[in-house]
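Protein chains: 4
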Amino acid sequence: MAYRDEKLHEEKVFKDPVHRYVHVRDQVIWDLIGAPEFQRLRRIKQLGTSYLTFHGAEHSRFNHSLGVYEIVRRILENFKDRPNWDSRERLLCLCAALLHDLGHGPFSHSFEKVFKLDHEEFTQRILLGDTHVNQILSKVEAGFPQKVADVINKTYSNKLVVSLISSQIDADRMDYLQRDAYFTGVSYGHFDMERILRVMRPMEDQVVIKESGMHAVEDYIMSRYQMYWQVYFHPVTRSAEVVLSKVLHRAKELYDEGYTFKLQPVHFLSFFAGKPTLKEYLALDEAVTLYYFQAWMEEDDPVLSDLCDRFVNRRLFKYIEFNPNSQMKEWMELYQLFTKAGLNPDYYLVVDSSSDLPYDFYRPGEEEERLPIHLLKPNQELKELSRLSDIVESISGKKRTDHKLYLPLDRLEEMSSRSKTKKRIMEILYG
Amino acid sequence: MAYRDEKLHEEKVFKDPVHRYVHVRDQVIWDLIGAPEFQRLRRIKQLGTSYLTFHGAEHSRFNHSLGVYEIVRRILENFKDRPNWDSRERLLCLCAALLHDLGHGPFSHSFEKVFKLDHEEFTQRILLGDTHVNQILSKVEAGFPQKVADVINKTYSNKLVVSLISSQIDADRMDYLQRDAYFTGVSYGHFDMERILRVMRPMEDQVVIKESGMHAVEDYIMSRYQMYWQVYFHPVTRSAEVVLSKVLHRAKELYDEGYTFKLQPVHFLSFFAGKPTLKEYLALDEAVTLYYFQAWMEEDDPVLSDLCDRFVNRRLFKYIEFNPNSQMKEWMELYQLFTKAGLNPDYYLVVDSSSDLPYDFYRPGEEEERLPIHLLKPNQELKELSRLSDIVESISGKKRTDHKLYLPLDRLEEMSSRSKTKKRIMEILYG
Amino acid sequence: MAYRDEKLHEEKVFKDPVHRYVHVRDQVIWDLIGAPEFQRLRRIKQLGTSYLTFHGAEHSRFNHSLGVYEIVRRILENFKDRPNWDSRERLLCLCAALLHDLGHGPFSHSFEKVFKLDHEEFTQRILLGDTHVNQILSKVEAGFPQKVADVINKTYSNKLVVSLISSQIDADRMDYLQRDAYFTGVSYGHFDMERILRVMRPMEDQVVIKESGMHAVEDYIMSRYQMYWQVYFHPVTRSAEVVLSKVLHRAKELYDEGYTFKLQPVHFLSFFAGKPTLKEYLALDEAVTLYYFQAWMEEDDPVLSDLCDRFVNRRLFKYIEFNPNSQMKEWMELYQLFTKAGLNPDYYLVVDSSSDLPYDFYRPGEEEERLPIHLLKPNQELKELSRLSDIVESISGKKRTDHKLYLPLDRLEEMSSRSKTKKRIMEILYG
Amino acid sequence: MAYRDEKLHEEKVFKDPVHRYVHVRDQVIWDLIGAPEFQRLRRIKQLGTSYLTFHGAEHSRFNHSLGVYEIVRRILENFKDRPNWDSRERLLCLCAALLHDLGHGPFSHSFEKVFKLDHEEFTQRILLGDTHVNQILSKVEAGFPQKVADVINKTYSNKLVVSLISSQIDADRMDYLQRDAYFTGVSYGHFDMERILRVMRPMEDQVVIKESGMHAVEDYIMSRYQMYWQVYFHPVTRSAEVVLSKVLHRAKELYDEGYTFKLQPVHFLSFFAGKPTLKEYLALDEAVTLYYFQAWMEEDDPVLSDLCDRFVNRRLFKYIEFNPNSQMKEWMELYQLFTKAGLNPDYYLVVDSSSDLPYDFYRPGEEEERLPIHLLKPNQELKELSRLSDIVESISGKKRTDHKLYLPLDRLEEMSSRSKTKKRIMEILYG
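Protein sequence lines correspond, in order, to chains A, B, C and D.
First residue of the first sequence: 143, per the working numbering; consecutive thereafter.
First residue of the second sequence: 143, per the working numbering; consecutive thereafter.
First residue of the third sequence: 143, per the working numbering; consecutive thereafter.
First residue of the fourth sequence: 143, per the working numbering; consecutive thereafter.
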């Protein structure tokens, strides 16, 4: 039998807290899950630094990737005998679903910003480079790795296939909203996925939703909105993110200045220098990162060791609301205060902004456009969601931005000063 | 105000997926949670290698420790105005609950066996040694760290206090059953804790349960039974445990033989040599362990690099039922087969046994006796649980043991042999 | 001890699927629950005809009343030591919560419309008339029944007390949203009530919500919105409501015309005639109503027997969207068609409209204004919810109305006609 | 297309709180659900008098019947392509599942005992008599109603089909355990049905369970055990059952004595006289029964009116443990006390016994044997469950019996007496 059609002797089942069971029948999928590049996702947390805010959020990207695969598997089960659906695309969809996050590195967001990397580029390189995953995909057919890469890259010709993985109501989002809600324990993030799956219909170039499922979709959009502001943009998570970025910045700066590390940061050198190879990239997971952070707590550089200690032992920065337009004067004052106290404001006085467009959300680090959601009316006409839903209409396109100033309260306290800004900030922070 | 009575300006709340919220009011508790020795528990998984079987089981001991604290907090809330309860013990109970697992190291079970360590001893050393936790506890009152240590050690004079943390229905077990069920996603592990908390009553030297709550307790005992066989003793988890133990064995053996590691295993040296100091013990968490395992994949020793690769990339041993009494001949045959093929049977042919006593369970690594559960009848008489419950009576004291033989199927396949035992095993393993 | 302070020997507990447990300590509350007028609520369904759409929705008003009581009990537990809260109002709040729906009759909405009754008026009469409930309340103190009546009537002087039971985020709504979601099985209706209770604060004349709880309140508002359109205004439920109203209309009309019923409708006579006494009102619950409906299936009047059969055996009317402005011509055509076919359009061709104001919802049959929700900022300033929440702002004040035309499809089919309207309707209804 | 193969234009879906959705595709099933005899099940509570103990237990047999149908539908979905399964039996299984409880009357247990009726006989009569259900089934094929009747009667030749509906792990039990747990709100009654369905295999004459699913089955057996003692045999429910039986007894006795009822009990006459016709049986649902009970509260006979008032207004009898062997003397004493006080002990002093066999449970009113559960080993051998499961083995065959004495405490209090038994009972009852 051709490898692409090979079935496991007996179906394999993963117990999954979100979807109850993840079912695997295809030998190809089973082999991909066993590949070292996929197993590596167990060592990358799904929500980066969020576990420092929500202690339950310790789940990995391995977890999420299986979930996205399972959702796509269920969608295709429903599509099987429908018009517009070409069942030969099935395995391609399942592989793309499983592997869509393969290129994520440790604490993706911060690493990408500081080292100017792009996890999507690495996904492509893992799929197409000299890897176990590539070998497995190549056995399916010549060019199959490229096809998977194209689907994930949104350049595949069959846009319907692309939309399963990347649209405003794709399997990726449906999994992470529910999964992140489950592990953090928040009561948002629930919506009736079973119903949404039942009303999804394949069309020529996209998945659409039967109009009768509109309310379930509204509920999903609202869940998304709540999850962004309650979980993904939580100010404590952002504080951990800020400290983490500053650790990486500092390490790179020291490297650039020729600083001699007590422990040579072997795994980081290629990141500091510019372009890590694929092998180097894959070797740096969160276990390794945390290993260095703990080692760097012993470095002589006071900034690096302090920031590492703050991250590892969760002594994060505190935050206050900050309006960059009207509060520059106060910011200047603090800048001088910090400088005078010998505390480099570039590392210790950080403005961070988050913003989202409720019906066109970004996840941290994503910037691309996403297709709008279309509803299918009984007369087969398509209508864009916000034209039928008052609720979605009322929030779509309204961008909301939030600025915060992060700083180490413990250090501010120690500064002897009569600065009114200091006094005011202390008051706010102590509530 | 005395430190022991100091309350936070505003109650702190942790969102917890199992208990919904964990509430902290005491400054002492808040300070302990922030201590580096406690934050370190974030880097130790609650269920060791179980995440390789149940992908959801990635939660840490930090998670569980907060949960135990919260359960004790709720119990004491109910005890507040009851006879037999001395409210001056409150803070002591909360501290002991929070800190009871403080001494756990990475993958405790295997580490303890291979390096002859005892996590309970390290809990004592952290409480009483030169640590942040000790400093915080000492501020409460002279001798307070010793009191906490005594409660955890079950030697504290007030046995009622001890029984909250260590009995057959203590806060520890009630938390881990529910938490481990939640994160693995299995449907066992649920019982009506709210009801059990409501029927708990403090007696002179133990916590007892009102007879009207007997069925809730039966349900808890059954959950425990199911969790042991379905989760804690799952054969795949034990396979990962076997491989892990063999990695540590091999590394120690190489060290003993004077092998030169490419990467000097700095963090492990004191473990190999015998007695790690407290500081060395605390420095070795699971991130650091995984860092070394990945490094050792590049070592020249084929056994060490192979075993590390198996653990890191989850290429575990397969297993078959094995009866040590009747199957010694087959075992011998395999032993010779492995030896002939140059595969050291000490590392690659491993018998592992698990056993439990349903109403007197041990968790892996625990050996101590636990107090029986007493029910309180309306006439104030106490009766041991199994004397009132048919179900518990019928399973109590019945030990069940399970032996399995673990080996690398991929290697067995390669061996050219006409051995019938090989043939039979291959048949079993391929189902 | 005064009756108002009397506690039960042992706390009584009801197992509740929504709140887990309902706790009763006060003798007064226990006595009220046992009163026949309160037990009667077991014979009135919480959601009227919704069980014909959602088969799970068979729960009674007894169920809901206990739930509202329990929520208020928990709120007051939190209020106990707060400023602005007068703990002497506690028992009054609990009684008003428990008894607020006491005057509901069978299928309230339809009965009220057809017989021009008002369940709120009957709540007052039960509280103040010659009833067991009145006797119990009177034992608390002279004038206590009047106080309870005033709270429920929103005329009590302490507006804070009133707002616990009647505001846009009162215990009544919080219970029914969750309870109705639970029993129907829909996935809407969930919100984090535990969090909302934690951030509620008593102010001089209302309950307010700490700003930090805004997102939980948004979630509650969205649940409400979804429950209205998905459950409360479900077109099939409204169809059952339409048939039910027409049964009552017809029975009254026949009575007015002097028709001789085979079974004298003893329990209905005073309703037909005008003003039922309190005793007569209380005697007519849903069991009795269904008894008559089944009896009337045997009456000679074809309209009455047909409509009763439709209701009892769930052969409801079908519905189509209907625009009263633009579709009057088609309506006229149908009217003539029905008339010609001997089918009285007054009973068989019914336009029903539902409408809601998302952040100022009405439940069927309620018309009164409700107070807006106020958020409490850290600086103690109060802000109306929609001024801080984009989502609530965007939907508040936007009324949405839905008109449908209900008719018996089976009868329409039988009419021999070449009417295009008939043809078009048939097409729509057969999809 | 033959009626038996006719599919609905579009699948119909019921929202179900237990199974999320119930799916209907077959025209036959849709028509059966709409039949008046099936709609009548909405007016019969699933758990009889349990709603007087657990206020959530107001769900009907309609509810449960849909659930059993849905479970069988899912099982057959899995059986579709398996050996041993004859797919031509599909529609028969679905019909039998849906209709298996069709003959239940109001408060089945008491009615059956007092009037010597058998709901199973009435199921047969509805299936085979002059009913809508019979007409629908007859359209499938000649003899089809008889086939359905045989399956439900356990006399159908294909025993595999029978075992889906009637065995110790059939769809009936799996639905009611979960459903009754859901509506009562107890935390027992949960087990992993999804897993059990996945490991069910059709064999020649029964459904068996793959050995790998043994723990899920153990969990199911334990749920069953807990549900029996916690819910089905709850002493308060039995008290309501006792009062109800005595109402019926008294009414019959009065009828036998020629008593003139103020309200002629038309619906009951044939029940009193002996053999109700099918039409008379179907006309007496719980709404009608409650109508009469309320009417009888006004009767002159003090026993009937008192007992009705007790049932309707939930003034139930209290209970104490009672050992019929050792406590006959006390019983005699009470008997005389009651007689002397003019309170007929036949109605007011009632011993009720419940007993169950944990792995061979009876539901109230069921007496037939049920097949044991067989596990399928990898080598295709079958083993009876208790031979592989220690837990099940330890409880199987152990009958447990519970005797209680029920009496009206309020009346006992009033009796002037120095009886020690009275004193002792009063003490027990007041705790």
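The beta carbon of each residue, even a glycine, is placed where N, CA and C say it ideally should be.
For a test of the three-state rule: what should DSSP assign to residue 242 of chain B, helix, strand or coil?
The residue given as residue 242 of chain B occupies position 100 in the second sequence. Looking at residue 242 of chain B - three-state DSSP - the assignment turns out to be coil, as it is neither helix nor strand.
If contact is defined by three or more beta carbon pairs under 8 Å, each pair taking one atom from either stretch, is the segment 275-285 of chain B in contact with the segment 193-204 of chain B?
no
Beta carbon of residue 524 of chain C nearer than 7 Å to that of residue 356 of chain C
For the purposes of this step, residue 524 of chain C is taken as the residue at position 382 of the third sequence. For the purposes of this step, residue 356 of chain C is taken as the residue at position 214 of the third sequence. No, Cβ-Cβ distance for residue 524 of chain C and residue 356 of chain C is not below 7 Å.
Name the chain E residues whose beta carbon is nearer than 8 Å to that of residue 158 of chain D?
Structure shown: chain E not included; protein chains present are A, B, C and D.
Do the segment 212-220 of chain B and the segment 398-411 of chain B meet, that is, are 3 or more Cβ pairs less than 8 Å apart?
no
When the Cβ atoms of the segment 319-331 of chain D are set against those of the segment 526-545 of chain D, are three or more pairs found closer than 8 Å?
no
Measure the alpha-carbon distance for residue 154 of chain D versus residue 166 of chain D and round it to whole angstroms.
On the fourth sequence, residue 154 of chain D is found 12 positions in, with the first residue counted as 1. On the fourth sequence, residue 166 of chain D is found 24 positions in, with the first residue counted as 1. Cα-Cα distance, rounded: 5 Å.
If we cut at 7 Å on Cβ distances, does residue 334 of chain C have a partner in chain A?
Position 192 of the third sequence holds residue 334 of chain C. Chain A contact via Cβ: present.
Could you spell out where the alpha helix (DSSP H) holding residue 363 of chain C opens and where it closes?
Translated into positions along the third sequence, residue 363 of chain C becomes position 221. From DSSP, the alpha helix (DSSP H) with residue 363 of chain C extends over 356-369.
In chain D, which residues lie less than 7 Å from residue 162 of chain A when you measure between Cβ atoms?
Within the first sequence, numbered from 1, the residue matching residue 162 of chain A stands at position 20. Per Cβ cutoff of 7 Å: 336.
Here's a check: name, in chain order, each residue in its chain whose Cβ is nearer than 6 Å to the Cβ of residue 413 of chain D, leaving out the five neighbours to either side.
To locate residue 413 of chain D, count along the fourth sequence from 1; it is residue 271. These residues qualify, in order along the chain: 257.
Does DSSP put residue 152 of chain C in a helix, a strand or coil?
As a first step, residue 152 of chain C is located in the third sequence; it is residue number 10 there, counting from the start. It is a strand residue.
Just to confirm my understanding: we take residue 394 of chain D, look at its own chain, exclude 5 residues before and 5 after, and list those with CB closer than 7 Å. What are they?
Position 252 of the fourth sequence, counting from 1, holds the residue named residue 394 of chain D. Here the set comprises 256, 414.
Can you say whether residue 477 of chain B is buried or exposed, counting buried as having 16 or more other CB atoms within 10 angstroms of its CB?
By one-based count along the second sequence, residue 477 of chain B stands at place 335. Label assigned to residue 477 of chain B: exposed.
Using a Cβ cut-off of 8 Å, pull out every chain C residue sitting near residue 370 of chain D, in sequence order please.
In the fourth sequence, residue 370 of chain D corresponds to position 228, counting from 1. Among the residues of chain C, none has a CB under 8 Å from the CB of residue 370 of chain D; the nearest is roughly 16 Å distant.
With a threshold of 7 Å between beta-carbons, can residue 507 of chain A be considered close to chain B, or not?
Indexing the first sequence from 1 puts residue 507 of chain A at position 365. Because the pLDDT at residue 507 of chain A is just 43, under 50, the model does not fix this residue reliably, and the value given afterwards should be weighed accordingly. Not closer than 7 Å to any Cβ of chain B, the Cβ of residue 507 of chain A fails to qualify, so no.
Terminal residues of the alpha helix (DSSP H) in which residue 317 of chain D lies:
Taking the first residue of the fourth sequence as 1, we reach residue 317 of chain D at position 175. First-last of the alpha helix (DSSP H) with residue 317 of chain D: 313-326.
Mind reading off the beta-carbon distance from residue 158 of chain B to residue 164 of chain B? Whole number of angstroms is fine, and I expect it under 8 Å.
Within the second sequence, residue 158 of chain B is the residue found at index 16, counting from 1. Within the second sequence, residue 164 of chain B is the residue found at index 22, counting from 1. Yes, residue 158 of chain B and residue 164 of chain B are in contact; Cβ-Cβ is about 5 Å, under 8 Å.
Just the C-alpha distance for residue 199 of chain A and residue 326 of chain A, rounded to the nearest angstrom, thanks.
As a first step, residue 199 of chain A must be located in the first sequence, where it is residue number 57. As a first step, residue 326 of chain A must be located in the first sequence, where it is residue number 184. Each residue's alpha carbon lies about 5 Å from the other.
Nearest chain D C-beta to residue 357 of chain B closer than 7 Å, yes or no?
Numbered from its first residue, the second sequence carries residue 357 of chain B at position 215. Judged by the 7 Å Cβ criterion, residue 357 of chain B is in contact with chain D.
Rounded to the nearest angstrom, what separates residue 329 of chain B and residue 364 of chain B at their Cα positions?
Reading the second sequence from its first residue, position 187 is the one you call residue 329 of chain B. Reading the second sequence from its first residue, position 222 is the one you call residue 364 of chain B. Spanning the two alpha carbons is a distance of roughly 12 Å.
Can you tell me which of the three DSSP states residue 439 of chain D falls into?
Here residue 439 of chain D refers to the residue found at position 297 when the fourth sequence is read from its first residue. Reduced to three states, the DSSP call for residue 439 of chain D is coil.
Segments of 4+ residues assigned as alpha helix (DSSP H) that fall wholly inside the segment 212-289 of chain B:
Complete alpha helix (DSSP H) runs here, min 4: 232-241, 250-257, 261-270, 274-282.
Note down, in chain order, each residue of its chain lying with its Cβ closer than 6 Å to the Cβ of residue 382 of chain A, except the 5 sequence neighbours on either side.
One-based indexing of the first sequence puts residue 382 of chain A at position 240. Closer than 6 Å at Cβ, skipping near neighbours: 191, 194, 458.
If the cut is a Cβ gap below 9 Å, which residues of chain C does residue 540 of chain A touch?
Indexing the first sequence from 1 puts residue 540 of chain A at position 398. Those within 9 Å of residue 540 of chain A in chain C are 532, 536.
Output the boundary residues of the alpha helix (DSSP H) element that contains residue 338 of chain D.
Taking the first residue of the fourth sequence as 1, we reach residue 338 of chain D at position 196. Residue 338 of chain D -> alpha helix (DSSP H) spans 335-341.
Beta-carbon gap between residue 344 of chain A and residue 461 of chain A smaller than 7 Å
In the first sequence, the residue the question calls residue 344 of chain A occupies position 202. In the first sequence, the residue the question calls residue 461 of chain A occupies position 319. Contact: no.
Contact the segment 220-234 of chain A vs the segment 298-312 of chain A: 3+ CB pairs below 8 Å
yes
Verify whether the separation of the beta carbon atoms of residue 239 of chain D and residue 313 of chain D is less than 7 Å.
Residue 239 of chain D sits at position 97 when you count from the first residue of the fourth sequence. Residue 313 of chain D sits at position 171 when you count from the first residue of the fourth sequence. Contact check for residue 239 of chain D against residue 313 of chain D passes: the beta carbons are separated by less than 7 Å.
So with Cβ pairs under 7 Å, would you call residue 316 of chain B a contact of chain D?
Counted from its first residue, the second sequence places residue 316 of chain B at position 174. Not closer than 7 Å to any Cβ of chain D, the Cβ of residue 316 of chain B fails to qualify, so no.
Considering residue 352 of chain B, what are the terminal residues of the beta strand (DSSP E) in which it resides?
Along the second sequence, read from residue 1 onward, the residue named residue 352 of chain B stands at position 210. Run containing residue 352 of chain B: 349-352, per the beta strand (DSSP E) assignment.
For residue 342 of chain D and chain B, any beta-carbon pair shorter than 7 Å?
Position 200 of the fourth sequence, counted from the first residue, corresponds to residue 342 of chain D. So, not an interface residue.
Using the beta-carbon count (16 or more within 10 Å), is residue 509 of chain A buried or exposed?
As a first step, residue 509 of chain A must be located in the first sequence, where it is residue number 367. With a pLDDT of only 46 at residue 509 of chain A, under the threshold of 50, the placement of this residue in the model should not be trusted; the figure read from the coordinates follows. Result: exposed.
Against chain A: residues of the segment 199-218 of chain C by CB proximity under 8 Å
none
From D:456, D:160, D:185, D:473, residue whose alpha carbon lies closest to that of residue 463 of chain D
By 1-based counting over the fourth sequence, the position of residue 463 of chain D is 321. The shortest Cα separation from residue 463 of chain D among D:456, D:160, D:185, D:473 belongs to D:473.
Euclidean distance between Cα positions of residue 206 of chain D and residue 266 of chain D:
Locating residue 206 of chain D in the fourth sequence gives position 64, counting from the first residue. Locating residue 266 of chain D in the fourth sequence gives position 124, counting from the first residue. Approximately 19 Å between the Cα atoms of the pair.
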